[in-house]
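If you use the working numbering, the sequence shown corresponds to residues 42 to 214, in order.
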Amino acid sequence: MPLAANAKMEVMKIDAQKNAIDHNNRGVIYMQDRYYAAAIKEFQMAVLLDPDTQASSVYYANLANCYMKIGYPALAQDTLQRAVKLHPMNFGLYEDLAVVYKRLGIAEQKLKQYRKESAKNPMAHVMEGLILMEQGKTDAGLAKLQEFVCTEPDLIITNGVKNYIEKHSSVRY
């Protein structure tokens, strides 16, 4: 059917960020149902549609969680490191990364790396503490995390660190 000269075509707007959220949500459902291959595809699509925002750190974290469930911690490490770059104040990402390091058998190597970085990067203290905790060195790990809380009381992530300390010790803030 031909269009009249003065008829307007409806323009459909594609919203990549909304579509990314939809793919992420589908991925979460697939992961809950243990359809890990489908979940991975959905999370990857979410990342492709919205690669460089704070929201995409959630997609990366979900993807990493899926990789861990199917036994690919090296892939989880890469995706978690991307998530941390996009949302460096999300304490849960650091917790997950410490678990990945332990699972890969590189916790001690990473601990040395973070110790070198700690003079110029306060987040290195967080990773030091979490890696020590994963290694079963609870007192040393909690001490390092408490040091972070004392030196960086105003960072957004500090509340997450405090909650972690309270959960793993008798210290109350």
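Even glycine gets a Cβ: it sits at the ideal position worked out from N, Cα and C.
Could you compute how far the alpha carbon of residue i sits from the alpha carbon of residue j?
i	j	result
Ile70	Phe84	11 Å
Ala80	Ile111	11 Å
Gln58	Lys126	19 Å
Met130	Tyr77	28 Å
Leu116	Ala181	29 Å
Asn162	Val52	48 Å
Leu152	Leu138	12 Å
Asp63	Tyr108	20 Å
Ile55	Glu149	47 Å
Asn66	Arg123	20 Å
Ala61	Asp91	6 Å
Identify whether residue i lies in helix, strand or coil by the three-state DSSP scheme.
i	result
Thr94	coil
Met53	coil
Val212	coil
Tyr77	helix
Glu207	helix
Glu188	helix
Ile62	helix
Check whether the Cβ of residue i sits closer than 7 Å to any heavy atom of the ligand ZN, and report yes or no.
i	result
Tyr77	Summarising the ligand content, the structure contains no ligands, and the ligand ZN is consequently not present.
* To do: May I have a chain-ordered list of the alpha helix (DSSP H) segments no shorter than 4 residues that lie completely inside the region 108-179?
  => 114-127, 132-145, 148-158 and 164-175
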